[in-house]
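Before any comments, here is the structure.
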Amino acid sequence: KNQVEQSPQSLIILEGKNCTLQCNYTVSPFSNLRWYKQDTGRGPVSLTIMTFSENTKSNGRYTATLDADTKQSSLHITASQLSDSASYICVVSATGNTPLVFGKGTRLSVIA
Amino acid sequence: DAGITQSPRHKVTETGTPVTLRCHQTENHRYMYWYRQDPGHGLRLIHYSYGVKDTDKGEVSDGYSVSRSKTEDFLLTLESATSSQTSVYFCAIMEDSNQPQHFGDGTRLSIL
Numbered sequence: 031k032n033q034v035e036q037s038p039q040s041l042i043i044l045e046g047k048n049c050t051l052q053c054n055y056t057v058s059p060f061s062n063l064r065w066y067k068q069d070t071g072r073g074p075v076s077l078t079i080m081t082f083s084e085n086t087k088s089n090g091r092y093t094a095t096l097d098a099d100t101k102q103s104s105l106h107i108t109a110s111q112l113s114d115s116a117s118y119i120c121v122v123s124a125t126g127n128t129p130l131v132f133g134k135g136t137r138l139s140v141i142a
Numbered sequence: 067d068a069g070i071t072q073s074p075r076h077k078v079t080e081t082g083t084p085v086t087l088r089c090h091q092t093e094n095h096r097y098m099y100w101y102r103q104d105p106g107h108g109l110r111l112i113h114y115s116y117g118v119k120d121t122d123k124g125e126v127s128d129g130y131s132v133s134r135s136k137t138e139d140f141l142l143t144l145e146s147a148t149s150s151q152t153s154v155y156f157c158a159i160m161e162d163s164n165q166p167q168h169f170g171d172g173t174r175l176s177i178l
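Chains as they are written, first to last, in the working numbering: chain A, 31 to 142; chain B, 67 to 178.
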């Protein structure tokens, strides 16, 4: 069964610190992996999309990595800000018209 | 922001009544999706469309139907609303499988 597992479920960090969120998947055949940020009360917003051949992709202070061999991805946030408080969702796409597979998200709280 | 509008944004209705939610896009994207989001479950796919009159079921499709008679509109109907369908509903659009999904701001539906 195609699944996406994220860890931790929730995380609290101090402003200015770095953090790393994890994503493991079993989706096959793999097409791409996405990370989304969802602020409370809003729809998710895309941060990165990585295909099989991409190991790392950055979007400002967000850096995503992909290891297609071990089927793992991570999202690293550098120098966190209060505005980074949100849920971060890992999503994996298989080839064809099959729907995307969503993880349940990691809830990040950045505190002063 | 991607041109995607959900209506209504909020709705309260009674058990047993039919409800229709509308998703309208101005991007001419091929793919459209309806998700529901509940605490502890993350985003779950209800139905999706990969073209006009081409739709398919997601993992939680029971009690829901959809229609897409035009590229720009994707309607979600709850045929006879139940309290278990109280949720936040998100519509998303996607140009092709290697592009990000863009989400609407959600519809908060309460069924009493």
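Yeah, the Cβ is synthetic: ideal placement off N, Cα and C, and Gly gets one too.
Being a predicted model, the structure only gives us computed values, none of them experimental.
| Item | Value |
| --- | --- |
| is_contact[B/Gln91, chain A] using C-beta, thresh 8 Å | no |
| Residue range of the unbroken beta strand (DSSP E) whose run includes B/Ser163 | Neither: B/Ser163 is in no beta strand (DSSP E) and is coded neither H nor E. |
| Contact list for B/Phe169 against chain A, beta-carbon separation under 7 Å | Gly73 and Pro74 |
| Residues that DSSP places opposite A/Asn89 in a beta bridge | A/Tyr92 |
| Straight-line gap, B/Thr79 to B/Arg88 (C-alpha atoms, nearest Å) | 16 Å |
| Same chain, Cβ closer than 7 Å to B/Thr162, neighbours up to 5 away in sequence not counted | Checking the sequence, you will find Asp at residue 162 of chain B rather than Thr. Excluding positions up to five away in sequence, the list reads Arg96. |
| Buried/exposed call for B/Leu178, threshold 16 Cβ in 10 Å | exposed |
| Buried/exposed call for A/Ile141, threshold 16 Cβ in 10 Å | exposed |
| Chain-ordered chain A contacts of B/Pro166 [CB-CB under 7 Å] | Arg64, Ser76 and Ile79 |
| Partners in chain A for B/Gly172, counting only beta-carbon separations shorter than 7 Å | Gly73 |
| The stretch 118-130 of chain A in contact with the stretch 55-68 of chain A per 3-pair CB rule at 8 Å | yes |
| Closest by C-alpha distance to B/Gly117, when choosing among B/Val132, B/His107, B/Gln103 and B/Leu111 | B/Val132 |
| Burial state of A/Asp114 (16 or more Cβ within 10 Å) | buried |
| Neighbourhood of A/Val57 by C-beta, 6 Å cutoff - its chain only, sequence neighbours within 5 removed | Asn32, Val122, Ala124 and Val131 |
| Under 9 Å (Cβ pairs) to chain A, residues found in the stretch 109-128 of chain B | Leu109, Arg110, Leu111, Tyr114, Tyr116, Asp120, Asp122, Gly124 and Glu125 |
| Buried versus exposed, by CB contacts within 10 Å (16 or more), B/Ser153 | buried |
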